[in-house]
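Under our numbering, the first residue of the sequence shown is numbered 31, with each subsequent residue one higher.
For glycine and all other residues, C-beta sits at the position ideal for the given N, C-alpha and C.
To start, the structure itself, in structure tokens.
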Amino acid sequence: MKKLIILLFFPLTLGCEAKNDFDDIYQSIDLPPFRTNNTFSQPFRILKTKISDAALFDAKYGNTDLSIGYVLRYYFYTGINLSADSSELISMNLKVFSLQDTNDVSGIARDAIEEIRKMEYGSLEYEEFIGKYLSDCIDITKIQNDCIIPAVYEPVCGCDGFTYSNSAEAQCNGVVSFEKGKCD
Numbered sequence: 031m032k033k034l035i036i037l038l039f040f041p042l043t044l045g046c047e048a049k050n051d052f053d054d055i056y057q058s059i060d061l062p063p064f065r066t067n068n069t070f071s072q073p074f075r076i077l078k079t080k081i082s083d084a085a086l087f088d089a090k091y092g093n094t095d096l097s098i099g100y101v102l103r104y105y106f107y108t109g110i111n112l113s114a115d116s117s118e119l120i121s122m123n124l125k126v127f128s129l130q131d132t133n134d135v136s137g138i139a140r141d142a143i144e145e146i147r148k149m150e151y152g153s154l155e156y157e158e159f160i161g162k163y164l165s166d167c168i169d170i171t172k173i174q175n176d177c178i179i180p181a182v183y184e185p186v187c188g189c190d191g192f193t194y195s196n197s198a199e200a201q202c203n204g205v206v207s208f209e210k211g212k213c214d
């Protein structure tokens, strides 16, 4: 009988310990995710950035009425760590993706979302988001994840409200219309 009680109690203590580890990770995030997915090693992604001001993530995401922080934290299950030593995205299966070191909130968010859209589960999140907010501007079937973009800087403003380095970059991202010049 004692062995049976110990066998039943032991898995419960392991489960509690794992929950506490998750709580520690969650508590250490400056801007925690609004949604989690418990089917992965880690229930959310982590965006580490050198940016230190959380208020910068309140800026509008392209031509939507949503903030950059909300888009990342809700639609892409991503917590944000501010004032990190480098810029990187840690996926739900703990794979690390290096991102461009920048203080441009829009740029770091776009880089992170570009990596997320290449992931199996992330591609579904991306399709859901685009379908809801930018379906008239981005054709998902035209996106080329490993597109070669010329190094020529001839900025164009996409209908999604983002500036692309040139028309080739806009087309690789599925943007259906754009105008010469930077977005305002």
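- Taking Q174 as the centre and dropping the five residues before and after it, the same chain places the C-beta of C202 closer than 6 Å to its C-beta, in chain order.
- Under DSSP, the beta-bridge partners assigned to C187 are T193, E209.
- As summarised for the stretch 71-159, the continuous beta strand (DSSP E) elements at least 3 residues long and confined to that stretch are 75-78, 108-111, 118-120, 126-128, given in chain order.
- The C-beta of R103 has 16 or more other C-beta atoms within 10 Å across all chains shown, which makes the residue buried.
- About 12 Å separates the CB atoms of G191 and A200; that is not less than 8 Å, and the two are not in contact.
- The C-beta separation of I110 from I59 comes to about 7 Å, placing the pair in contact by the 8 Å criterion.
- Its chain contains N196, A198 as the residues whose beta carbon lies nearer than 7 Å to that of P180, once the 5 sequence neighbours on both sides are disregarded; these appear in chain order.
- If you draw a straight line from the Cα of T108 to the Cα of K90, it comes to about 17 Å.
- Of the other Cβ atoms in all chains shown, fewer than 16 fall within 10 Å of the Cβ of Q130; this residue is therefore exposed.
- As DSSP reads the structure, L61 sits in a beta bridge with I110.
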